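>
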Amino acid sequence: MGPSRDLPPALGATLTRDGVDFAVYAGRADGVDICLFEPGDTTGDSERRVALGNRAHGTWFGSVPGLGAGARYGVRAHGPWQPDAGLRYNADKLLLDPYARAIEGEVAWRPEVFGHVVDDRLLGDADARDERNSAAYVPRAIVVDDRFDWGHEHSPHVPWAQTVIYEAHVRNLTRLHPQVPEPLRGTYAGMAHPATIEHLQSLGVTSVELLPVHAFSHEPALVGRGLVNHWGYNPLGFFAPHGAYAASRDPQDQLNEFKGMVKLLHGAGLEVILDVVYNHTCEQARDGATLSWRGLDNRTYYRLDERGRDQDVTGCGNTLDIRQPVVARMVLDSLRYWVEQCHVDGFRFDLAVTLGRGRDEGFHPNHPFLAKLRTDPVLSAVKLIAEPWDLGVDGWRTGQFPPPFAEWNDHFRDGVRTFWLSDVARSARQEPGHGVRELATRLSGSRDLFGARDRGPMASINYVAAHDGFTLADTTAYEDKHNLSNGEGNRDGHNDNRSWNHGVEGPGANSSMLTARRRAIRNLLATELFASGVPMINAGDELGRSQGGNNNSYCQDNEVSWFDWDLEPWQHELLATTRFLTGLRAGNPVLWRRSIFTERRARQEPVAEPQWFAADGRPMRHRTWDDPHTRTLTMFLDSTHVGGQSLLILFHGGALDAEVTLPAQGEAATYRLVWDSTWALPPPSGGDQSTLTPTVDPDDGPLTLTASSVRVYALVP
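Residues 2 to 718 in the numbering used here are what the sequence shown spells out, letter by letter.
1. Scan the region 151-221 and note each continuous alpha helix (DSSP H) run of 4 residues or more that stays entirely inside, going in chain order.
2. Less than 8 angstroms separating the beta-carbons of V394 and E362?
3. Taking a contact to mean a Cβ-Cβ separation below 8 angstroms, would you say Y246 touches V171 in this structure?
4. I'd like the list of long-range same chain contacts for A466, defined as Cβ closer than 7 angstroms, with 5 residues on each side in sequence excluded.
5. DSSP on K384, reduced to helix/strand/coil?
6. When you compare the CB positions of N484 and N559, do they come within less than 8 angstroms of one another, or not?
7. Express the C-alpha separation of R349 and L716 in angstroms, rounding to a whole number.
8. Alpha carbon to alpha carbon, how far is K482 from R130? Give it in angstroms, no decimals.
9. Roughly how many angstroms separate the alpha carbons of T694 and L674, rounded to a whole number?
10. Taking C-alpha atoms, which residue in E107, R176, P611 lies nearest to W444?
11. Can you find at least 3 beta carbon pairs, one from the region 383-397 and one from the region 281-295, that sit closer than 8 angstroms?
12. In whole angstroms, what separates the C-alpha of L651 from that of V328?
13. Under the three-state reduction of DSSP, which class applies to M621: helix, strand or coil?
14. What residue from P157, L212, P236, D700 has the CA that sits closest to G667's CA?
15. What's the C-alpha gap between Q605 and S293?
16. Hey, out of L96, E105, H503, P570, whose CA is closest to D251's CA?
17. Helix, strand or coil: which one does DSSP assign to L333?
18. Rounded to a whole number of angstroms, what is the C-alpha to C-alpha distance between P369 and A426?
19. Residues in the same chain with beta-carbon distance under 7 angstroms from D1, minus the five sequence neighbours each way, listed in chain order, please.
20. Locate the alpha helix (DSSP H) running through L297, then write down its first and last residues.
21. What are the residues that DSSP puts in a beta bridge with I274?
22. For S500 and A11, what's the separation of their Cα atoms in angstroms?
23. So does the region 217-233 actually touch the region 183-198, counting three or more Cβ pairs closer than 8 angstroms?
24. What are the start and end residues of the alpha helix (DSSP H) that includes G584?
25. Looking only at C-alpha atoms, which of Y338, G309, Q401 sits nearest to V354?
26. Which runs of the beta strand (DSSP E), 3 residues or longer, sit entirely within the region 410-498?
27. Buried or exposed: which applies to A57, given that a residue is buried once 16 or more other Cβ atoms fall within 10 Å of its Cβ?
28. Could you please give me the residues that DSSP links to T1 through a beta bridge?
29. Between G59, G63, G45, T44, which lies nearest to V51 when the distance is taken from Cα to Cα?
30. Cutting at 6 angstroms between CB atoms, please list the residues of its own chain near F309, excluding the five before and the five after it.
31. Could you check the C-alpha separation between Y479 and S423 for me, to the nearest Å?
32. DSSP three-state call for S709: helix, strand or coil?
33. Rounded C-beta distance between R190 and V145? I'm assuming under 8 angstroms.
34. Which one of R519, T583, Q646, N299 has the shortest CA to CA distance from W680?
35. What is the DSSP secondary structure of W626, counted as helix, strand or coil?
36. If we call anything under 8 angstroms between Cβ atoms a contact, is A24 one with L97?
Written out as structure tokens, the structure is:
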């Protein structure tokens with residue numbers, strides 16, 4: 002152990018010229034040991050304990066000379082076992098350093114990894130201390146060398162207005178990709194393979210949002226059912242990449258592989274956004290395992306009641322107590338690490354309302370943690386996206402996060418699905434629907450949610466499908482969830498899916514049903530990409546991927562979740578259509594509205610405010626807006642002040658064809674058809690597009706719109 006000092010070094014393990022500095026927060030401990038292990042030792046027989054002899058403000062620290070990168074270590078904390086007071090110290094349990102930047106091994110779900118006594122079913126007395134050594138059954142932290150050759154890499158820094166997000170799972174995207182070498186499939190290296198990058202670039206997305214890549218573990222209940230936590234929302238470490246997603250087995254190489262992925266994606270002009278989980282950990286409730294935070298300072302790291310029991314607003318058993326400075330610092334240090342050392346471009350915060358809950362348990366937009374994110378010179382410069390809900394009291398807070406946060410807009414998802422799916426089904430039954438006012442609100446930037454506090458359309462992440470829920474294709478093929486393979490009696494997953502199977506549940510539809518389903522997919526994609534805001538494509542939706550009606554595939558690390566790249570002809574057509582639609586968006590600034598129209602905005606900057614017309618070509622009237630039988634809406638976007646083409650977009654959500662008159666836009670103005678969702682394939686790219694379709698004069702009379710379809714015209718002055 003090195004000489005004493007007054008203040009601790011940075012938390013975690015830091016390489017020095019002659020060894021490693023260690024610092025671990027254990028605020029109520031009586032002592033802390035660093036436990037060193039030889040490489041390859043999974044039993045713990047080589048364990049050598051070194052007591053950290055210095056303590057300051059709850060942090061234990063010291064230096065161990067002679068160590069270098071690759072050293073394996075864990076932590077043991079000595080202190081009182083007082084469960085009713087929230088103190089659960091147990092030095093028989095080897096703990097993972099919360100600041101570990103690489104992790105080797107997995108949790109073996111045995112009784113030894115619990116701080117309290119449990120039986121072989123992992124059930125027992127949460128108040129009775131267990132005295133068995135857990136070292137053989139828990140992962141090791143690894144000392145890493147942070148040096149990496151970034152070359153001339155730099156972030157693409159895509160403006161919000163031009164951002165198109167692609168939400169993807171590292172493993173699912175390439176696990177079956179035939180052009181990715183087998184050893185790289187389902188890995189960081191596979192994500193950065195030229196075949197994957199070519200797909201992403203051709204698709205026209207700008208930013209890849211990865212489901213959790215922080216090190217995570219599997220819940221014992223899932224393991225008992227022969228399943229795994231496939232999505233990764235069960236964090237084991239906030240600084241280490243998940244080792245199973247790397248082609249390499251060496252922990253240092255795994256970290257370098259992640260950095261190499263970021264470097265190559267940046268080189269292709271693609272941003273990397275991480276879905277991060279700072280609201281809970283894999284230790285679950287007090288009857289869960291003791292793996293790290295619980296054994297270091299349970300009362301500080303977790304929200305507890307007066308009896309030492311977890312206050313759970315996440316649905317995962319515990320809640321990290323972001324009100325505590327130590328916990329807030331850990332999260333901020335983690336975020337800065339991923340930006341500064343791994344060069345990521347932003348974060349999507351899972352259950353973000355939890356991070357803004359104060360002492361009174363309520364959500365506060367100006368919570369100190371959120372304020373720090375907004376003012377930190379590093380973190381305020383990257384993309385910040387909130388999932389604006391949790392499971393606590395008043396947990397749904399869409400539209401209430403402060404700038405510069407963007408938010409997942411569930412109102413957009415539900416409103417758009419209702420218009421194109423459940424309301425079309427109502428129309429087929431000649432029943433009233435919900436009209437078109439909600440659709441117009443979502444298309445124009447969700448002013449009801451993002452029109453205040455200097456926000457605007459760019460705060461709205463517009464999506465119609467995400468990892469959580471039906472795939473886009475499944476919204477058109479299933480009305481009920483089919484989650485029996487998850488082992489929870491089909492009780493898990495959403496019940497309110499706003500979907501429509503078009504007459505037959507799942508496979509077995511006839512040709513006319515299949516045609517209608519595929520047109521519905523195109524309608525949904527087009528609405529997402531033509532709306533004001535930031536579109537987010539659920540990875541695989543461009544391929545028409547199905548999960549067989551499973552709307553909660555969190556535990557399905559198999560063909561249910563993996564992409565099948567052996568595409569049928571209609572899937573190739575859908576891929577081509579998606580590429581065309583993203584290209585149409587990218588080439589038309591009129592679709593990039595940064596602001597919601599107000600008189601003040603109009604004086605400050607040019608704004609392409611939508612103009613709305615009814616089926617008769619006249620401006621929408623109140624009685625038309627509010628009529629539940631109104632199923633047709635025309636949106637005109639004038640590009641005069643923003644450049645590019647002026648677009649006229651027709652949305653017809655009726656089950657029958659409709660007659661529509663195009664609105665006049667000047668005496669000599671005509672329209673040229675750009676795209677129609679009835680087309681299985683888009684028009685060919687390249688060449689003179691003006692020769693592909695004739696112009697249409699509004700004076701020629703009404704046109705016929707196919708049932709449930711979108712049509713796009715460009716204004717020809």
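For each residue, glycine too, the CB sits at the ideal point set by N, CA and C.
This structure is a prediction, so every number in the text was calculated from the model and none was measured.
Based on what the coordinates show:
1. 171-175, 189-192, 195-204
2. On the sequence shown, residue 394 is found 393 positions in, with the first residue counted as 1. On the sequence shown, residue 362 is found 361 positions in, with the first residue counted as 1. Yes, the Cβ-Cβ distance between V394 and E362 is below 8 angstroms.
3. For this step, residue 246 is matched to residue 245 along the sequence shown. For this step, residue 171 is matched to residue 170 along the sequence shown. Cβ distance < 8 angstroms, so Y246 and V171 count as in contact.
4. Taking the first residue of the sequence shown as 1, we reach residue 466 at position 465. The answer, listed in chain order, is T472, L473, T476, N539, D542.
5. In the sequence shown, residue 384 corresponds to position 383, counting from 1. Look at K384 here: in three-state DSSP terms it is strand.
6. Looking up residue 484 in the sequence shown gives position 483. Looking up residue 559 in the sequence shown gives position 558. Not in contact: N484 and N559 (Cβ atoms no closer than 8 angstroms).
7. What you label residue 716 is simply residue 715 of the sequence shown in a count that begins at 1. What you label residue 349 is simply residue 348 of the sequence shown in a count that begins at 1. Approximately 38 angstroms, taken between the alpha carbons.
8. Locating residue 130 in the sequence shown gives position 129, where the first residue counts as 1. Locating residue 482 in the sequence shown gives position 481, where the first residue counts as 1. For R130 and K482, the distance between alpha carbons rounds to 42 angstroms.
9. Here residue 694 refers to the residue found at position 693 of the sequence shown. Here residue 674 refers to the residue found at position 673 of the sequence shown. One C-alpha to the other measures close to 6 angstroms.
10. Position 443 of the sequence shown, counted from the first residue, corresponds to residue 444. For the record, residue 444 in the displayed sequence is Leu; it is not Trp. The shortest Cα separation from L444 among E107, R176, P611 belongs to P611.
11. no
12. Locating residue 651 in the sequence shown gives position 650, where the first residue counts as 1. Locating residue 328 in the sequence shown gives position 327, where the first residue counts as 1. Their backbone Cα atoms lie some 50 angstroms apart in a straight line.
13. Start at 1 with the first residue of the sequence shown, and residue 621 comes out as number 620. Coil.
14. Here residue 667 refers to the residue found at position 666 of the sequence shown. Ranking P157, L212, P236, D700 by Cα distance to G667 puts D700 first.
15. Here residue 605 refers to the residue found at position 604 of the sequence shown. Here residue 293 refers to the residue found at position 292 of the sequence shown. Residue placement at Q605 is poorly supported in this model, since its pLDDT is 47, which falls under 50; the coordinates still yield a value, given next. Using only the alpha carbons, I get a separation of about 52 angstroms.
16. Here residue 251 is taken as the residue at index 250 of the sequence shown, counted from 1. Nearest option by C-alpha distance: E105.
17. Here residue 333 refers to the residue found at position 332 of the sequence shown. Three-state result, L333: helix.
18. Looking up residue 369 in the sequence shown gives position 368. Looking up residue 426 in the sequence shown gives position 425. Whole-angstrom Cα-Cα distance: 47 angstroms.
19. Look at the range of the chain in this structure, 2 to 718, and you will see that residue 1 is not part of it.
20. Residue 297 sits at position 296 when you count from the first residue of the sequence shown. Segment 294-302, the alpha helix (DSSP H) holding L297.
21. Counting from one through the sequence shown, the residue named residue 274 turns up at place 273. I274 pairs with E210, G347.
22. If you number the sequence shown from 1, residue 500 lands on position 499. If you number the sequence shown from 1, residue 11 lands on position 10. A direct Cα-to-Cα measurement between S500 and A11 gives close to 51 angstroms.
23. no
24. Against the sequence shown, residue 584 aligns to sequence position 583. Per DSSP, G584 belongs to the alpha helix (DSSP H) from 570-587.
25. One-based indexing of the sequence shown puts residue 354 at position 353. Nearest C-alpha to V354 among Y338, G309, Q401: Q401.
26. Listed in chain order, the complete beta strand (DSSP E) runs (minimum 3 residues) inside the region 410-498 are 461-463.
27. Reading the sequence shown from its first residue, position 56 is the one you call residue 57. Around the beta-carbon of A57, fewer than 16 other beta-carbon atoms lie within 10 Å, marking it exposed.
28. Because the chain here runs from 2 to 718, residue 1 falls outside it and cannot be looked at.
29. For the purposes of this step, residue 51 is taken as the residue at position 50 of the sequence shown. Selected option, being the one with the closest Cα: G63.
30. As a working mapping, residue 309 is identified with position 308 in the sequence shown. Here residue 309 is Gly; the residue named in the question, Phe, does not match the sequence. Taking C-beta separations shorter than 6 angstroms and ignoring five residues to either side along the sequence, the partners of G309 in its chain run P84, D85, A86, G87, following chain order.
31. Within the sequence shown, residue 479 is the residue found at index 478, counting from 1. Within the sequence shown, residue 423 is the residue found at index 422, counting from 1. In a straight line, the C-alpha of Y479 is about 11 angstroms away from that of S423.
32. The count along the sequence shown starts at 1 and reaches residue 709 at position 708. Note: S709 maps to coil in three-state DSSP.
33. Locating residue 190 in the sequence shown gives position 189, where the first residue counts as 1. Locating residue 145 in the sequence shown gives position 144, where the first residue counts as 1. Here residue 190 turns out to be Ala, not Arg, going by the sequence shown. That belief does not hold up - the Cβ atoms of A190 and V145 are roughly 18 angstroms apart, past 8 angstroms.
34. The sequence position of residue 680 within the sequence shown is 679, counting from 1. Of the candidates R519, T583, Q646, N299, the one whose C-alpha sits nearest the C-alpha of W680 is R519.
35. Locating residue 626 in the sequence shown gives position 625, counting from the first residue. Helix.
36. Along the sequence shown, one-based indexing puts residue 24 at 23. Along the sequence shown, one-based indexing puts residue 97 at 96. Not in contact: A24 and L97 (Cβ atoms no closer than 8 angstroms).
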